[in-house]
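Residues in the sequence shown are numbered consecutively from 3, following my numbering. Beta carbons: idealized from backbone N, C-alpha and C, even for Gly. Structure, as structure tokens:
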Amino acid sequence: MTLRSTVLASRPGLVRLAEMPFYPGGGGQLPDLGVLNWSGGTVAVEGFESIDGQLWIRLQHPVELTGEVEAQVDPVFRQTMRELHTDLHILNALVFQAFDGALVTGVQMNADATARIDFDLPDADNDRLRALEPAINDAIRQDLPVRESYLALDDAYDEKGLLRSRSVTPPPTTDGLIRIIEIAGLDRQACGGTHLVSTGASRPVRILKIDNKGRHNRRMRIGLAG
């Protein structure tokens, strides 16, 4: 993904753009990698910082950018994050259905194409959780469409199962809406991250490990095949 944008403000090693294509991270998803091409050359994006309520891009080198830039997202890294995030939604949906509406207590996606998700499951049988792997890959093979929409935050609280995290709610837009991700026929929940257009764009998934983290938490680790 590439976007041409204008520099609004610049400091050594930091820049704020009028528009940017990068996902800055959040909800367990890592921030995008990428580069900025400008009149002085190319500089890698190293991260993001919120300063006085504004999102700044942190650069690899202490350069000061001016004028127009071309912002380029690393497509391989973004694809990995999209696959992991979509697959975690599939797993989340299956656990929610099979284990009485169990809520998520933590998520982390990793650059090595693995991820973990924690569920509030005090009495879960780990073998039943491991047995979900074929159902995850069946949802991938079905190539289910993944769509996004927006809903008023108050309405989201009223719809059972739309908010799946025990402690985190995706931030609303400036006009009080919350982003909803729907996997056709399988899942519908609030989320702010990046996802595939359809489940079939993911590689197959393996459940790598299940840990008991305290009396309530079950931590499931998954990985993309290959």
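- In summary, S52 is exposed, with fewer than 16 beta-carbon neighbours lying within 10 Å of its beta-carbon over all protein chains present.
- Taken in chain order, the complete beta strand (DSSP E) segments of 3 or more residues contained in the segment 48-127 are 56-61, 70-75, 106-111 and 116-122.
- Here DSSP, grouped into helix, strand and coil, assigns Y25 to coil.
- Taken through DSSP and simplified to helix, strand or coil, D34 comes out as coil.
- G195 is a Cβ neighbour of G29, given a cutoff of 8 angstroms.
- Take the alpha-carbon of W40 and the one of G15: they are about 14 angstroms apart.
- Sequence-distant Cβ neighbours of R84 in its own chain, meaning closer than 7 angstroms and more than five residues away, are T196, H197 and L198.
- V106 is a Cβ neighbour of R168, given a cutoff of 8 angstroms.
- By the CB criterion at 8 angstroms, P33 and G49 fall inside the cutoff.
- Rounded to the nearest whole angstrom, the C-alpha separation of G69 and E21 is 13 angstroms.
- Following the DSSP letters along the chain, one finds L155 inside the alpha helix (DSSP H) bounded by residues L155 to D160.
- The residues R221, in chain order, have a CB closer than 6 angstroms to that of K215 in the same chain once the five nearest residues on each side in sequence are set aside.
- Just measuring C-alpha positions, the residue of L210, F24, L86 and R118 sitting nearest T201 is L86.
- Cβ neighbours of V9 within its own chain (closer than 7 angstroms, five residues either side excluded): V17, L19, L67, T68, G69 and V71.
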